[in-house]
Amino acid sequence: MEQADQTEEKVPPPGEEDGPPPGVDPAPLIFVGGTGRSGTHVVAKLLSKNVRYGLVPVEVRFHSDDDGFPGLLAGEVSKQAFVKRMRGFWWKGFQTNRMRGLHRFVPRERFEAALERFEAGYDAAPSEACRDLFYDLLWARTERAEADERVGIIEQSCDTVAEGATLAPLFPEARFVHVLRDGRDASSSRVAQAKGIVYPRNRVQGLEWWEARLRAIDAGARAIPDERLLEIELGDFFQPGRRQRQLKQLAAFAGVRPGRNLNRFLRRRMNRESANEERWRRGLSESEQAEIDELYLAALRRLEADGVTSASMLRRAHARSVRRADNGAEAEEGANNGSGANNGSGASDGEPQTERGEPQDGG
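For the sequence shown, the positions run 1 to 363 when our numbering is used.
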């Protein structure tokens, strides 16, 4: 395990570290998606440390919301309604105690010009107009790179994988990264974010929300060709024996090298503390933890029974969590009579899967 960590500085020499390996074509567009609160944002930031990529700094969502490209191209949303939404919520909308939207990084003049072109061309060629609108608004995020170094953009709207049936054929050049996170942590984070104002309002509802989101992602992922989809589990970036392998897998999927910038970000910004691992235990008694854990295991069993492909990775992450909790309880027992972190809920000994694992924390 220690040897794995020592390899983090073994990167290509300057001038080569950000380029593609020989014979590899980098992806011009990478969508990073997940359930929400699963690490999508930190994984997108990690990839964007390669100087050839530009990161879209917010979840723009007009291409992945139900009333965006999916509803528009399915004939369920009119062009007029879509354009109104573009100039409204997707341009500047209030969400989670702050204003979000394209206004944060797209000049108004460019925004209006792109919308005018979209309106003029949509009726004759809907798909082409949608593609052009997406790139007219977002491709400028590559501006930090020299012209001969530009590769593409990374976009981090959570629903991109769930909307694979729309986005995979619309953007055949795109690759998709599905970031998984322990459902107990992801759902706990979502409940805290909702602050009891909107669903999910409590931990039980949080797990229901998470399971429904994961099922939608699984359905969308089935429309994405295997070679264009990578599923990773956030916790693998924090394991000494796996983190470097995980970084290499992610970089190889994008078609770039895991250079100094990516390694530095991994070391400094991606750890168990910053990811709030085991946050779901906070504020719960041991009996309450056991109850949530059993509900989570029941959800995993349902997902496995229904053939949800990511369930095996989540099962492995759960087994790792149980081992950590048991080891922590044993270590603290003599010092301060235990910590309440012990999880006494008959954990599964599901078989660990090889490779795969990525960060998730997105909103």
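Don't be surprised by glycine CBs; every beta carbon is placed ideally from N, CA and C. Quick caveat, the model's predicted, so the values are computed rather than measured.
Start-to-end residues for the beta strand (DSSP E) that takes in Ala-382 | For the chain, the structure presents residues 1 to 363; residue 382 sits outside this window and is missing.
Proximal residues to Arg-320 (C-beta, below 7 Å), its chain only, five neighbours per side dropped = Residue numbering aside, residue 320 sits at position 320 when the sequence shown is read from its first letter. Result list for Arg-320: Gly-235, in chain order.
Met-313 burial status per 10 Å Cβ neighbour count (16 or more: buried) | What you label residue 313 is simply residue 313 of the sequence shown in a count that begins at 1. By the neighbour-count rule (16 or more Cβ atoms within 10 Å), Met-313 is buried.
Between Ala-194, Arg-324, Glu-143, Gly-101, which lies nearest to His-63 when the distance is taken from Cα to Cα?
-> By 1-based counting over the sequence shown, the position of residue 63 is 63. When Ala-194, Arg-324, Glu-143, Gly-101 are compared, the shortest CA-CA separation from His-63 is found for Gly-101.
Within 10 angstroms of its Cβ, does Ile-197 collect 16 or more other Cβ (buried), or is it exposed?
-> Walking along the sequence shown from the start, residue 197 turns up at place 197. With fewer than 16 other Cβ atoms within 10 Å, it is exposed.
How about Thr-35 and Arg-213: are their beta carbons less than 8 Å apart?
-> As a position in the sequence shown, residue 35 is number 35, starting the count at 1. As a position in the sequence shown, residue 213 is number 213, starting the count at 1. Between Thr-35 and Arg-213, the C-beta spacing is below 8 Å.
What residue range is occupied by the uninterrupted beta strand (DSSP E) comprising Tyr-53?
-> Against the sequence shown, residue 53 aligns to sequence position 53. Per DSSP, Tyr-53 belongs to the beta strand (DSSP E) from 53-55.
Between Asn-271 and Ala-298, what straight-line distance do the alpha-carbon atoms span, to the nearest angstrom?
-> Locating residue 271 in the sequence shown gives position 271, where the first residue counts as 1. Locating residue 298 in the sequence shown gives position 298, where the first residue counts as 1. Cα to Cα, the separation comes out at about 28 Å.
Could you tell me how far apart the beta carbons of Cys-158 and Thr-40 are, in whole angstroms, since I believe they sit closer than 8 Å?
-> In the sequence shown, counting from the first residue as 1, residue 158 sits at position 158. In the sequence shown, counting from the first residue as 1, residue 40 sits at position 40. Between the beta-carbon of Cys-158 and that of Thr-40 there is about 6 Å, and that keeps the pair under the 8 Å contact cut.
Exposed unless 16 or more other CB atoms sit within 10 angstroms - verdict on Arg-179 = Residue mapping note: residue 179 aligns to position 179 of the sequence shown, counting from 1. The displayed chain sequence assigns Val, not Arg, to residue 179. Under this definition Val-179 is a buried residue.
Cβ contact check for the segment 130-142 and the segment 55-62: 3 or more pairs under 8 Å | Yes, the segment 130-142 is in contact with the segment 55-62.
Classify Pro-20 as buried or exposed, calling it buried when 16 or more other Cβ atoms lie within 10 Å of its own Cβ.
-> As a first step, residue 20 is located in the sequence shown; it is residue number 20 there, counting from the start. If you draw a 10 Å sphere on the C-beta of Pro-20, you find 16 or more other C-beta atoms in it, and that means buried.
Since Arg-245 and Ala-251 are thought to touch, with beta carbons under 8 Å apart, how far apart are those beta carbons, to the nearest angstrom?
-> As a first step, residue 245 is located in the sequence shown; it is residue number 245 there, counting from the start. As a first step, residue 251 is located in the sequence shown; it is residue number 251 there, counting from the start. Not really, about 11 Å apart at Cβ, beyond 8 Å.
For Ala-327, does the count of other Cβ atoms within 10 angstroms reach 16, so buried, or fall short, so exposed?
-> As a position in the sequence shown, residue 327 is number 327, starting the count at 1. Inspection of the sequence shows that residue 327 is occupied by Asn rather than by Ala. Looking at its Cβ environment, which holds fewer than 16 other Cβ atoms inside 10 Å, Asn-327 is exposed.
With Val-177 and Ile-292 assumed to form a contact (beta carbons below 8 Å), what rounded beta-carbon distance in angstroms separates them?
-> Within the sequence shown, numbered from 1, the residue matching residue 177 stands at position 177. Within the sequence shown, numbered from 1, the residue matching residue 292 stands at position 292. Not confirmed; about 28 Å, so no contact.
Do you know offhand how far Arg-281's Cα is from Glu-288's?
-> Here the question's residue 281 lines up with position 281 in the sequence shown. Here the question's residue 288 lines up with position 288 in the sequence shown. Counting only the Cα atoms, Glu-288 lies some 9 Å from Arg-281.
Report yes or no: do three or more beta-carbon pairs, one from the segment 165-177 and one from the segment 217-226, lie closer than 8 Å?
-> Yes, they touch.
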